[in-house]
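*Asks:*
There are 2 protein chains.
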Amino acid sequence: MSNERLIYLPLGGAGEIGMNAYVYGYGKPGQERLILVDLGVAFPDMDTTPGVDLIFADISWLEKNRDRLEAVVVTHAHEDHVGAVGHLYHRLGQPKIYTRAFTANIARHKLNEYGVGPEAVTTVSAWPETVKLGPFTLGFLPISHSIPESSGLVIDTPAGRVLHTGDFKLDRSPLVGEAWDPDLWAEVAKPGVKALVCDSTNVFSPNPGRSEVEVGPEVEKLVAEAKNMVVATTFASNVARVRTLAEAGERAGRSICLLGRAMRRMVEASIETGVLASFPKVVSPEEAREIPRESLMMIVTGSQGERRAASAQLARGKHHGISLQEGDLFLFSSKTIPGNEKGVIAIMNQLSELGVDVVDDSNGRYHVSGHANRPDLETMHQITQPQMVIPMHGEHRHLREHAKIAMAAGRSAEVCVNGMMLDLSGNAPKVVEHIETGRTYLDGSVQIGFLDGIVRDRIRMALNGHVTVTAVLDEQDEPLGDPWCDLMGLPETGRSKAPLSDVLEGDLSQFLGRADAKTLRDDDKLEEALRRVVRNTANDEIGKKPEVTVVVSRLTS
Amino acid sequence: MSNERLIYLPLGGAGEIGMNAYVYGYGKPGQERLILVDLGVAFPDMDTTPGVDLIFADISWLEKNRDRLEAVVVTHAHEDHVGAVGHLYHRLGQPKIYTRAFTANIARHKLNEYGVGPEAVTTVSAWPETVKLGPFTLGFLPISHSIPESSGLVIDTPAGRVLHTGDFKLDRSPLVGEAWDPDLWAEVAKPGVKALVCDSTNVFSPNPGRSEVEVGPEVEKLVAEAKNMVVATTFASNVARVRTLAEAGERAGRSICLLGRAMRRMVEASIETGVLASFPKVVSPEEAREIPRESLMMIVTGSQGERRAASAQLARGKHHGISLQEGDLFLFSSKTIPGNEKGVIAIMNQLSELGVDVVDDSNGRYHVSGHANRPDLETMHQITQPQMVIPMHGEHRHLREHAKIAMAAGRSAEVCVNGMMLDLSGNAPKVVEHIETGRTYLDGSVQIGFLDGIVRDRIRMALNGHVTVTAVLDEQDEPLGDPWCDLMGLPETGRSKAPLSDVLEGDLSQFLGRADAKTLRDDDKLEEALRRVVRNTANDEIGKKPEVTVVVSRLTS
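Protein chains in written order, with full-length UniProt numbering: chain A, 1 to 557; chain B, 1 to 557.
1) Rounded to the nearest angstrom, what separates residue 312 of chain A and residue 297 of chain A at their Cα positions?
2) DSSP puts residue 26 of chain A in a beta bridge; with which residues?
3) Report the partner residues of residue 499 of chain B according to the DSSP bridge assignment.
4) Would you kindly work out how many angstroms separate the C-alpha atoms of residue 133 of chain A and residue 370 of chain A, rounded to a whole number?
5) Determine, using beta carbons only, whether residue 472 of chain A comes closer than 8 Å to chain B.
6) Going by the beta-carbon positions, is the gap between residue 303 of chain B and residue 244 of chain B smaller than 8 Å?
7) What is the DSSP secondary structure of residue 386 of chain A, reduced to helix, strand or coil?
8) Which ranges does the alpha helix (DSSP H) cover as unbroken runs of at least 4 residues, wholly within the region 396-465 of chain A, from first to last along the chain?
9) Using a C-beta cutoff of 8 Å, does residue 232 of chain B count as contacting chain A?
10) So, is residue 341 of chain A buried or exposed, given that buried needs 16 or more other C-beta atoms within 10 angstroms?
11) Quick check on residue 522 of chain B: buried or exposed, where buried means 16 or more other Cβ atoms within 10 Å of its Cβ?
12) Any beta carbon of chain A sitting closer than 8 Å to that of residue 479 of chain B?
13) For residue 169 of chain B, does the three-state DSSP call read helix, strand or coil?
14) Which runs of the alpha helix (DSSP H), 4 residues or longer, sit entirely within the region 311-392 of chain B?
15) Between residue 15 of chain A and residue 198 of chain B, what straight-line distance do the alpha-carbon atoms span, to the nearest angstrom?
16) If you compare alpha carbons, which of A:101, A:69, A:97, A:43 is closest to residue 79 of chain A?
17) Using a Cβ-Cβ distance cut-off of 8 Å, determine whether residue 171 of chain B contacts chain A.
18) Listing by chain order, which chain A residues have their CB less than 8 Å from the CB of residue 462 of chain B?
19) Beta carbons nearer than 7 Å to chain A: which residues of the region 328-343 of chain B have them?
20) Here's the rule: buried if 16 or more other CB atoms are within 10 angstroms of the residue's CB, otherwise exposed. What is residue 203 of chain A?
21) State the beta-bridge partners of residue 123 of chain A as determined by DSSP.
22) With a cut-off of 8 Å on the beta carbons, I'd call residue 107 of chain A and residue 131 of chain A a contact; round off their distance for me.
23) Looking at the unbroken beta strand (DSSP E) that takes in residue 487 of chain A, where does it start and where does it end?
24) Taking 7 Å as the cut-off, is the C-beta of residue 13 of chain A nearer than that to any heavy atom in the ligand PLP?
25) Should residue 221 of chain A be flagged as near chain B, meaning a C-beta pair shorter than 8 Å?
26) With a floor of 4 residues, list each alpha helix (DSSP H) that falls wholly inside the region 212-244 of chain B, ordered by position along the chain.
27) Whose C-beta lies closer than 7 Å to the C-beta of residue 481 of chain A among residues of the same chain, with five residues either side of it excluded?
28) Buried or exposed for residue 1 of chain B, please, with buried defined as at least 16 other CB atoms from any protein chain shown within 10 angstroms of its CB.
29) What does residue 547 of chain B pair with, by DSSP beta-bridge criteria?
30) Any beta carbon from chain B within less than 8 Å of residue 551 of chain A's own beta carbon?
31) So which residues on chain A does residue 352 of chain B lean against when the C-beta distance must stay under 9 Å?
32) Taking the alpha-carbon positions, what's the residue 264 of chain A to residue 414 of chain A distance?
33) What whole-angstrom Cβ distance do residue 402 of chain B and residue 377 of chain B have, given they're in contact under 8 Å?
34) Short check: CB of residue 70 of chain A to CB of residue 103 of chain A, under 8 Å?
35) Along the region 440-454 of chain B, what residues have a CB closer than 7 Å to any CB found in chain A?
36) Tell me, please, whether the CB atom of residue 466 of chain B is closer than 8 Å to any CB atom in chain A?
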């Protein structure tokens, strides 16, 4: 027994917020039986990942060891926790997936897109129900978050009990889903907690978190006072908030219309799985068009400024035959995630141009966070009294700050980022291995590695433009006619006021005229030389060195 | 006289924050004599302007009417107000430039890069000194902001007095530069103010603005308690803040080292022009290397996460032989401008990896804004009692909110965005014309228009990748050999697991083999057809339609 160990290995989500993927293992070193907790996505941006559709954790290590994988366990249905189950299902050898009913509903839809049937997901009821997964006995411990049925995990192993919090906040009135129940968590912790693996997102928020229930009265007042159409946006998955918004509209005598696929999907899943017993009657967009605007409230997707979502579409003009106008009210019942500011602000300005009054959450009245703040994390540590704290779900700065808090209270802790394998068997976490890890991009329909250079080349074209150079050589390796250039993403003229392509072609032609036979014969040398001519001449003309594709056509007899 | 008019025409800065350029004119319609207030830049981003170096207002209208331009007047030395004076100087017909001494120092350096001598800028002392510019008599009215010698403008015209606030806050203790003097502004307003053209940046900040003087004690306390090296970053142009930081270091017995060209330039300009009478003694980076880290404080550029600035370089590793380590303190004495969050956060995480403790301004202790908040704007309106308020320096939402405030107090106001020409001669502003306007990009060394399609093509390449197709046709317009493809920014293999270029070449070859003579003869048709083959096949293989350059080489005898 003593040569077996309990390991923890984050592949995603530790050192970033997004694409969560945490491996636990138990057994002899190198032969541990494994479970994977969560399998989410992260979202691309133009700065670092132009053209990419989704970002996954690099699961190569797990793929290589998939015969040791007992199951995938999903804590809740946010995209950064469940978003990749369909995309990576086959690479992981079609593992069993365990989760609770609401999350299962969402996961099954994702798997269905890959032709995987609903039986791939096993629904587990809340603690005290457990499932046995190899050496692990696992239970789903209800906890409040900004989505229904979020769960912490009780992971029992021969080395002791691990509590994996999942995303959470300490909300005693979350409105939808189970409330934070400190007694339940204390009871589960009673036998002793080896390790608390704990959400770190809001570690820099100094005040105790606020309850979902606080939002309702504020929204109700706002909607009651509104004179014209009201539109509200929030995360579709925040079903409690969506219902709060809808009920505020209903109380103000308004018809409710949901816009956006995700919004309808989430409400539907909530009703199907019973997490939502009631929801105000909704009207379709077609019906909404016939309703006087002062009697209408729309709840729409796109709180993060996503270009294709309903908020952006409404801001740009007519959407589903509905358009906003002077005196309408638009409420962002949401926080803008860092990186999304410009998109959200663009929408606010478009709405302003339409004369729409925008209310956002700058003062915290119309939104509360779904994550535990610093004092809440301290409460969680105190209630569960873990031997060690392993911060997760955070950027490096969050993990480090969270570890500091734990250590200040005399607990052992470790800043463990993606690829670091910890042995949790002893009295303190011990780094035992570093796994090669990274990111996988879903690019169109293809999964590519972040180090493949593909995205790097695209960024270079975006920064520098592109020139195609074509040169034709005859059977004697002599230039046949003049080389020519096709430009893309470059100005037509530069310093000398002549067309840039003419100037480039002139210099290329001159170069070819003088090039020695050795260069002309050697494809690599010739290409490199032509590339250099283009880059130097362009730099001189337009102050930029473009990316260059050189095509040498050789006529052969 | 009655057929003359006073016009206001923003070309930049109204409908965005950045690239300020406001035209005033007086005279017969179409023959007004003009002045331009400010000529700034905006900064590019990957989302909308990859590869662009700087963004200017589109000054085409002013260039066309440059014989009517009396002068360019600059309110203060921030880049969004003075940044384009060098780049656009010649297009505007080498106009006279008027400003105060500190701003003149900065402007002259910018003009010098374009070979323009210092005499291009005329230094004007503060109000009551005035200059006569055609029909305008203009004075520089001191006002507090986050840079020395910021000025409002008193613009006297035959149609009345206009007050153009420039950027401002109501700070009675700005530490460097003149304090806000309500008596002075009230006195200037006494004869009656036709129009107040007014900064709108912070209109959504509900509480009165805070004074620069509040930052000092907080910084001092923080630095005094620091155990190891201290690094602080802020805007280099915020000379008062830079001195506050330096003095806090000095009082804690630390040597001060400035890192970053802009930081040294701004302190130098302040001393040269006398706006800064004293500054703690600084050491060079070389000297700093020899000083024990607990006795050193560095003040560095890069508070907005700029990749090449000192903050980013220090976060990545050694810079000027200095590197940060466990237990050092890094202070962001700044606010992150929307859009820069990811860059700033990346630096914070890199610092966290080094073990550096990062203090930012999340609670407002180490930074105050340079702009007037909502109550301050109301104060400005009350003191100056203008007939009309024209909000400027803001996005559409800021301008609209600001106009609402003015109208709520019974004043006339107009949301006037770039390209709208207002006639201010009457009792209320009147829109008289819309000027075609937009943005000019400095791209390398070339100025291009934002609608030229150049940047659009680059964005497309970044999103979709690029394929070069080459086909050679003989004298009879018959394909000579097979066509081939060069890929850039695309995955090597797709659905069929064969190399993507092979699959594309196969389909292209097949197409050429079947193409009729008419298509083969017609360059445009052939190119379009080959492009379509590539896009369709790629979409099938990799779920992406690349940008395509088709090169058809025709052998001629």
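Yeah, the Cβ is synthetic: ideal placement off N, Cα and C, and Gly gets one too.
*Replies:* The relevant details are as follows:
1) 17 Å
2) A:6, A:33
3) B:493
4) Whole-angstrom Cα-Cα distance: 30 Å.
5) Yes - at least one Cβ of chain B is within 8 Å of the one on residue 472 of chain A.
6) Residue 244 of chain B sits away from residue 303 of chain B, with the two beta carbons spaced by 8 Å or more.
7) strand
8) Qualifying alpha helix (DSSP H) stretches, in chain order: 396-408, 454-464.
9) no
10) buried
11) That one is exposed.
12) No, because no Cβ of chain A sits closer than 8 Å to the Cβ of residue 479 of chain B.
13) strand
14) With a minimum length of 4 residues, the unbroken runs of alpha helix (DSSP H) contained wholly in the region 311-392 of chain B fall at 341-353, 374-384.
15) One alpha carbon belongs to residue 15 of chain A, the other to residue 198 of chain B, and they sit about 44 Å apart.
16) A:43
17) no
18) Scanning chain A for C-beta atoms nearer than 8 Å to the C-beta of residue 462 of chain B yields 46, 50, 51, 458, 459, 461, 462, reported in chain order.
19) 338, 339, 341, 342
20) buried
21) A:99
22) The Cβ separation is near 16 Å, so there is no contact.
23) 484-488
24) The ligand PLP is not among the ligands present in this structure, which contains no ligands whatsoever.
25) no
26) 215-225
27) 472
28) Confidence is the limiting factor: at residue 1 of chain B the pLDDT is only 49, short of 50, which leaves the residue's position unreliable, though a coordinate-based value still follows. Label assigned to residue 1 of chain B: exposed.
29) B:466
30) The beta-carbon of residue 551 of chain A is placed less than 8 Å from the nearest beta-carbon of chain B.
31) 395, 396, 397, 398, 399, 400, 401, 415
32) 41 Å
33) 7 Å
34) Their beta carbons are not under 8 Å apart, which means residue 70 of chain A does not touch residue 103 of chain A by this criterion.
35) 443, 444, 445, 446, 448, 454
36) yes
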